[in-house]
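Counting with numbering that gives the first Met the number 0, you get residues 0 to 261 for the letters of the sequence shown.
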Amino acid sequence: MIDIHTHILPGLDDGPDSLEEALEMARRAVAGGARIMVATPHVVAGLYPNSREAVLAALGEFRRVLEENSIPLTVLPGAECRLEPDLDERLARGELLTINDGGRYLLVELPPMLVPEYTAQVCYQLRLRGVTPIIAHPERNAGLVREPGLLYDLISRGALSQITAGSLTGHLGSAAAAAAKKFLGLGYVQFIASDAHSCTGRGPLLAEAAGAAARLLGAEQGQSLVSGNPLRAIQGGWIEANPREASRRPADRGFRKRFFRR
């Protein structure tokens, strides 16, 4: 399996505090069936600046220590970038790391409680640059849970999305589980990832969630969320999405028009 969203590099964000904990996360990931992991530290202005150079330097050191400890895990570069109006400009300046530094897919995090009105415009600008935004953990965003049609609109216009393994398995609460299952059923989800921050809590485990997805969608489609599509992402390949529109409340239609104006 391939985990495209992890916070395994120590000392860069709210992930592991020590190298020892990061190594234990790697061991647990391998024991759980992962062979490739993308390190995606937060990039948030004023909180986690995490320049491209800093992430690559930390990754190089971590790879060296993994090899010294004979841990058979391949760790690739990436970042989880907070959605801001200038995201596409920063990407164009070479400040941000795409998945595997391939220039094709960018992991994007929305604020937890809302969907900014500039979301669609930023995603559109990224697509114009040939970069596909992957919306991280939409099942944990209050605005998308309240109005799934907004996520449908983003996916139908070329974005992709990734749910958290712990959401699907119920470890992050019943509300996140319900939203994750709904988004899966509607075809809004192309990836399952751990979003691992530590050895406990949100750990680096995918197998249980992959099994849950297989029971909901069938074995082949469930496996594609943790193996097939992640492999395409790190290789820069094409990933298909087939979303189905959710029903909309009449009061939300006005917001949709504002949300998608260009």
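Cβ coordinates follow ideal geometry from the N, Cα and C atoms, glycine included.
Predicted model, so just to flag it, every value in this text is computed and none were measured.
Integer Cβ distance of residue i from residue j, believed to fall under 8 Å
i       : j       : result
Val-121 : Leu-82  : 6 Å
Leu-74  : Met-36  : Here residue 74 is Val; the residue named in the question, Leu, does not match the sequence. So it is a contact: roughly 5 Å between Cβ atoms.
Leu-106 : Ala-78  : 7 Å
Phe-190 : Leu-224 : 6 Å
Arg-89  : Leu-95  : 6 Å
Ile-164 : Ala-213 : Residue identity check: residue 164 is Ala in the sequence provided, not Ile. That pair is no contact at about 13 Å.
Tyr-117 : Leu-150 : Actually they do not touch by this definition, with Cβ atoms about 16 Å apart.
Asn-99  : Ile-233 : 4 Å
Gln-161 : Ile-3   : 7 Å
Pro-40  : Val-54  : 6 Å
Gly-129 : Ala-245 : Rounded, the Cβ-Cβ distance is 29 Å, inconsistent with contact.
Arg-126 : Gly-93  : About 18 Å separates the two Cβ atoms, so there is no contact after all.
Leu-8   : Ala-57  : 5 Å
Leu-113 : Ile-134 : Between Ile-134 and Leu-113 the Cβ distance is about 14 Å, and since that is not below 8 Å, they are no contact.
Ala-87  : Gln-124 : Reading the sequence as shown, one finds Asp at residue 87 and not Ala. The Cβ separation is near 4 Å, so the contact holds.
Gly-32  : Ala-206 : 5 Å
Pro-84  : Ser-197 : Actually they do not touch by this definition, with Cβ atoms about 32 Å apart.
Pro-76  : Ser-155 : With 8 Å as the limit, Pro-76 and Ser-155 do not qualify as a contact, their Cβ atoms being about 29 Å apart.
Lys-180 : Leu-215 : 6 Å
The beta strand (DSSP E) enclosing residue i, as first and last residue numbers
i       : result
Tyr-123 : Premise fails: Tyr-123 lies in the alpha helix (DSSP H), 118 to 127, not in any beta strand (DSSP E).
Ser-160 : 159 to 163
Glu-66  : Not the beta strand (DSSP E): Glu-66 falls in the alpha helix (DSSP H), residues 51 to 67.
Ile-134 : 131 to 135
Pro-76  : 73 to 76
Leu-106 : 104 to 108
For residue i, the residue or residues it bridges with in DSSP
i       : result
Met-24  : Looking at the DSSP assignment, Met-24 forms no beta bridge with any residue, so it has no partner.
Glu-192 : Correcting the residue type first, residue 192 is Ala in the shown sequence and not Glu. Thr-163, per the DSSP bridge assignment.
Thr-5   : Ala-38, Ala-195
Val-43  : Tyr-47
Val-114 : The partner list for Val-114 (beta bridge, DSSP) is empty, contrary to what the question assumes.
Arg-81  : Glu-108
Cutoff 7 Å: residue i Cβ touching any chain B Cβ
i      : result
Ala-78 : The structure shown has no chain B; it contains just one protein chain.
Continuous alpha helix (DSSP H) stretch holding residue i: start and end
i       : result
Glu-88  : 86 to 91
Arg-214 : 206 to 216
Asn-228 : 228 to 234
Tyr-151 : 147 to 155
Ala-174 : 173 to 184
Q.
Check whether the segment 126 to 142 and the segment 162 to 181 are in contact - that is, three or more C-beta pairs closer than 8 Å.
A. yes
Q. Is the segment 190 to 207 close to the segment 15 to 28, with three or more CB pairs under 8 Å?
A. yes
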